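Have a look at the structure below before the remarks.
Protein chains: 2
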Amino acid sequence: MKLDPRHLEILAAIVEHGGLTEGAEALGKSQPSVSRTLSQLEARIGAPLFKPGRRPLQPTDLGLALAEQGQAVLKANAKASDLVARFRTGHSGLVRVAGTPIFMDGVIASMIARFQQEIPDVRVDQSYGYADPLIERLRLGTLDIAIVPLRRSRVPADLSFQPILQGLNVVVCRENHPLTRSKFITAKEIENYPWIAPPADSPLYKDLRRALSNIGAEDFRISCSGGSLASVIGVLTGSDSLTILPYSVVFMMKDHARIAALSLDIGHPDRELGLLVASEAQQSPAARRFRTFVHAQFESLSRRIVQHRKDQLWR
Amino acid sequence: MKLDPRHLEILAAIVEHGGLTEGAEALGKSQPSVSRTLSQLEARIGAPLFKPGRRPLQPTDLGLALAEQGQAVLKANAKASDLVARFRTGHSGLVRVAGTPIFMDGVIASMIARFQQEIPDVRVDQSYGYADPLIERLRLGTLDIAIVPLRRSRVPADLSFQPILQGLNVVVCRENHPLTRSKFITAKEIENYPWIAPPADSPLYKDLRRALSNIGAEDFRISCSGGSLASVIGVLTGSDSLTILPYSVVFMMKDHARIAALSLDIGHPDRELGLLVASEAQQSPAARRFRTFVHAQFESLSRRIVQHRKDQLWR
DNA sequence: CAGCTTCATAACTTTGCGTTATATTAAACC
DNA sequence: GGTTTAATATAACGCAAAGTTATGAAGCTG
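Shown next as structure tokens:
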């Protein structure tokens, strides 16, 4: 005999709360509804589930045994409800984040760490890429959030873009690099040192070319290219090479890596770093939560950057 | 959010069997029904439970977690079904049996033991009583089976009576009692020994009086009365007292107790021992099973009694 | 025994599950 | 790469059953 798990739930509620009325109330149903369901259940089973005539309603052995199973159903149901609730509030789930490699490694990784300390049950899938392919993945629904530098004018109409940081690059070298001693660096001086180039298809690479032409350095030598942030830092601190990095990345690393930014105005690109998402509505709650978290983190980061610059001016 | 345990069951079936079609088949439902239920569930939850587009249908993390709860529901449901099935086939439940004290102790107790060896999950509530109050309890529904000696003509119309043994009493004494040496016992001899009387309100007591008047013993002394079978046997084996017992009781005890039946024809009462039940239909399955078990036991007992008598004739 | 609480019953509405028939879509195969 | 095949989604509709309010019956109170 196959019976309805809801009936078992009702039976369990009646037994637990000691009466039809109380059980009905606990279930959020009317008393007659519960009464009839119980009658039907007894009819189907062909045996009384409660001892007849006694008013503090007392279950039979069978009634008690079935009520136990009903409790198991209720428990599983409650757990399922909890799972759903946690999902809907973004306390569990999956977030697929992608961004430019340097940025992901230099800034986002530590934010992910902090996020997971706060919301441990959300899994974060990270991957790397530049704007166009990431836009494609957003459209396909295989990505939740892209963190990319983008010109406002180039934001696709079907996506929503939330700027979080001004685009600002700086030229970087190792600590105690000869150039750090110059107050005003000339193009001629720059040309003495080789460059670590970002991947050729990256926006940063274009920024590098433009920056160099801005400061009048026509000829530049590339000693190495294509590495990840960790590789770049490694080469940088072990040689006299120069490279270009987003200021925020340098800021985040200033306490850990032995690198220095040159006081060299290379102009800033007219791009903004921002969070690109497919559509506000169809975001998973976990993705929404991650997005607001990252947004808040960047606001805090902006403030710290501003503060840091003030401090440097005082010196 | 409160969700329907049946939906969790369906989800579990889909996940377990790897597809809507297979899941539907396992549940004994049509594929469209399962499909729609799943859609509704996803709509209610507001999140996909299966990864879109992939054809060996693959659950999302949330889908998998909910399916686990569905499995718990299915398990509880299966257990409940099993409980019901066992109840309906009489493999679990409660049987309330009552009968005359001497008979319950002397014959029924050992049958209960055998029954419980075979069907261990049926609880047997035994109690003692004589015909009239037991009939009342049968009518009230507080008793399932009464095992009583009854005249056929006195069987109430609303109850059903199943005879299991001819009424037959014998006079009993300890082994090696002086009377066991007499081939033909006279009333005079009998009068030398005191009697252990059954309770005054028992049918056995009436039998005793009638038996004694039958054999012409007008005057008899009662040394003790009112005890249970164990008490009667105790007194009997420790003294020269006599008593009257149903033959079946003596037969059952012949290997354990040091008692002997006197070859003294006291006539047999026109009663039959039988199983009295309220109504065939409203019996609990366990009670039905117990009744057929006891009936079979008595048939076997009858055969053994007949065999035993044959053996004694040969000697 | 009167009053109160609790459970059962009645009558009706609404929800939603089950069905079959059919359209779509993804996978597989040549 | 197009065609076949299997699996899933959608549509339309009947029906079982759960929900509701109103009311009657039956045990426990004092």
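Chains as they are written, first to last, in our numbering: chain A, 1 to 315; chain B, 1001 to 1315. Cβ coordinates follow ideal geometry from the N, Cα and C atoms, glycine included. Keep in mind it's a predicted model, so treat the numbers as computed, not measured.
Problem - Near-chain B residues of the stretch 78 to 112 of chain A (beta-carbon distance less than 8 Å), N- to C-terminal order - result: Result list: K79, A80, S81, L83, V84, A85, F87, R88, S92, G93, L94.
Handout entry: Residues of the stretch 1037 to 1051 of chain B whose Cβ lies closer than 8 Å to any Cβ of chain A, in chain order
Key = Answer set for the stretch 1037 to 1051 of chain B: I1045, G1046, A1047.
Handout entry: Partner residues on chain B for A:L66, Cβ-Cβ distance less than 8 Å
Key = Within 8 Å Cβ-Cβ: A1080, L1083, V1084.
Handout entry: C-alpha gap between A:G274 and A:V148, whole angstroms
Key = C-alpha separation (whole angstroms): 6 Å.
Exercise for the section: List the residues of chain A that B:E1009 touches, going by C-beta distances under 8 Å, in chain order. Expected result: What B:E1009 touches in chain A: P5.
Practice task
Taking B:E1191 as part of the alpha helix (DSSP H), name the residues at either end of that continuous run.
Solution key: Per DSSP, B:E1191 belongs to no alpha helix (DSSP H) and is neither H nor E.
Handout entry: Same chain, Cβ closer than 7 Å to B:L1062, neighbours up to 5 away in sequence not counted
Key = Cβ neighbours of B:L1062 beyond the five flanking positions: A1047, L1049.
Exercise for the section: Taking only beta-carbon positions, decide if A:A76 is within less than 8 Å of chain B. Expected result: Taking a beta-carbon distance threshold of 8 Å, A:A76 counts as an interface residue toward chain B.
Handout entry: C-alpha gap between B:H1091 and B:V1097, whole angstroms
Key = C-alpha separation (whole angstroms): 17 Å.
Practice task
Determine the DSSP secondary structure at B:V1107, reduced to helix, strand or coil.
Solution key: Helix, per DSSP.
Problem - Delimiting residues of the beta strand (DSSP E) encompassing A:Q166 - result: First-last of the beta strand (DSSP E) with A:Q166: 160 to 166.
Practice task
Could you confirm whether any beta carbon from chain B is found closer than 8 Å to the beta carbon of A:A296?
Solution key: Between A:A296 and chain B, the shortest Cβ-Cβ separation is not below 8 Å.
Handout entry: Under 8 Å between C-beta atoms of B:V1250 and B:V1172
Key = Between B:V1250 and B:V1172, the gap from beta carbon to beta carbon is short of 8 Å.
Problem - Backbone secondary structure at A:S239 - three-state DSSP - result: DSSP places A:S239 in coil when its eight states are reduced to three.
Practice task
Mark B:K1177 as exposed unless 16 or more other C-beta atoms lie within 10 angstroms of its C-beta, in which case mark it buried.
Solution key: Checking the displayed sequence, the identity of residue 1177 of chain B turns out to be His instead of Lys. Label assigned to B:H1177: buried.
Problem - In DSSP terms, what B:F1184 is bridged to - result: Answer is none; B:F1184 lacks a bridge partner.
Practice task
Under 8 Å by Cβ, that's how I've got B:P1269 and B:G1167 pegged, so tell me the actual separation to the nearest angstrom.
Solution key: Indeed, because the Cβ distance is near 4 Å, the residues count as touching under 8 Å.
Exercise for the section: Might you give, ordered along the chain, the residues of its own chain that have their beta carbon closer than 7 Å to the beta carbon of A:L64, omitting 5 neighbours on each side? Expected result: Excluding positions up to five away in sequence, the list reads V15.
Handout entry: Residues of its chain near A:I259, where Cβ-Cβ distance is below 8 Å and the 5 sequence neighbours each way are ignored
Key = Residues of the same chain with a CB within less than 8 Å of the CB of A:I259, apart from the 5 flanking positions on each side, are V172, C173, R174, E175, I233, L236, T237, V250, M253 in chain order.
Problem - Where B:T1292 falls, given that 16 or more other Cβ within 10 Å makes a residue buried - result: Exposed: under 16 other Cβ atoms inside 10 Å.
Handout entry: Beta-carbon contacts of A:M111 that lie in its chain and below 7 Å, excluding the five residues immediately before and after
Key = Around A:M111: V294, Q297.
Exercise for the section: Compare the beta carbon distance of A:L3 and B:A1080 with 8 Å and say whether it is the shorter of the two. Expected result: Cβ atoms of A:L3 and B:A1080: closer than 8 Å.
Handout entry: A:S127 at chain B interface by Cβ criterion, 8 Å
Key = Not an interface residue.
Problem - Identity of the residue in A:Q71, A:K75, A:G18 nearest A:R54 by Cα - result: Ranking A:Q71, A:K75, A:G18 by Cα distance to A:R54 puts A:G18 first.
Exercise for the section: Taking 8 Å as the cut-off, decide whether the C-beta atoms of A:G70 and A:L11 are in contact. Expected result: The answer is yes: Cβ separation under 8 Å.
Practice task
Can you give me the start and stop residues for the alpha helix (DSSP H) that B:S1039 sits inside?
Solution key: That run of the alpha helix (DSSP H) goes 1031 to 1045.
Exercise for the section: Please decide whether B:Q1283 counts as near chain A, where near means a Cβ-Cβ distance under 8 Å. Expected result: No, its Cβ sits nowhere closer than 8 Å to a Cβ of chain A.
Practice task
Classify B:F1290 as buried or exposed, calling it buried when 16 or more other Cβ atoms lie within 10 Å of its own Cβ.
Solution key: So B:F1290 ends up on the buried side.
Practice task
Check whether the stretch 183 to 196 of chain A touches the stretch 158 to 166 of chain A, taking contact to mean three or more Cβ pairs, one atom from each stretch, closer than 8 Å.
Solution key: No, because fewer than three Cβ pairs between the stretch 183 to 196 of chain A and the stretch 158 to 166 of chain A fall closer than 8 Å, the two stretches do not touch.
Practice task
Under the assumption that B:V1277 contacts B:I1145 (Cβ atoms under 8 Å), give the Cβ distance between them as a whole number of angstroms.
Solution key: Contact flag correct, Cβ pair sits at about 6 Å.
Practice task
Work out the CA separation of A:L8 and A:L66 for me, nearest whole Å.
Solution key: A:L66 and A:L8: Cα-Cα distance of roughly 7 Å.
Exercise for the section: Could you name the residues that DSSP lists as bridge partners for A:P246? Expected result: Bridge partners of A:P246: A:N169.
Practice task
Please report how far the alpha carbon of A:R123 lies from the alpha carbon of A:V95, in whole angstroms.
Solution key: Distance between the alpha carbons of A:R123 and A:V95 is about 6 Å.
Exercise for the section: Just tell me which of A:A197, A:R154, A:S33, A:R114 has its CA closest to the CA of A:L245. Expected result: Answer by Cα proximity: A:A197.
Exercise for the section: Quick one: using the 10 Å Cβ neighbour count with 16 as the cut-off for buried, is A:N214 buried or exposed? Expected result: Classification for A:N214: exposed.
Practice task
Run the CB neighbour count on A:P203, radius 10 Å, all protein chains shown included, and call it buried at 16 or more, exposed below.
Solution key: By the neighbour-count rule (16 or more Cβ atoms within 10 Å), A:P203 is buried.
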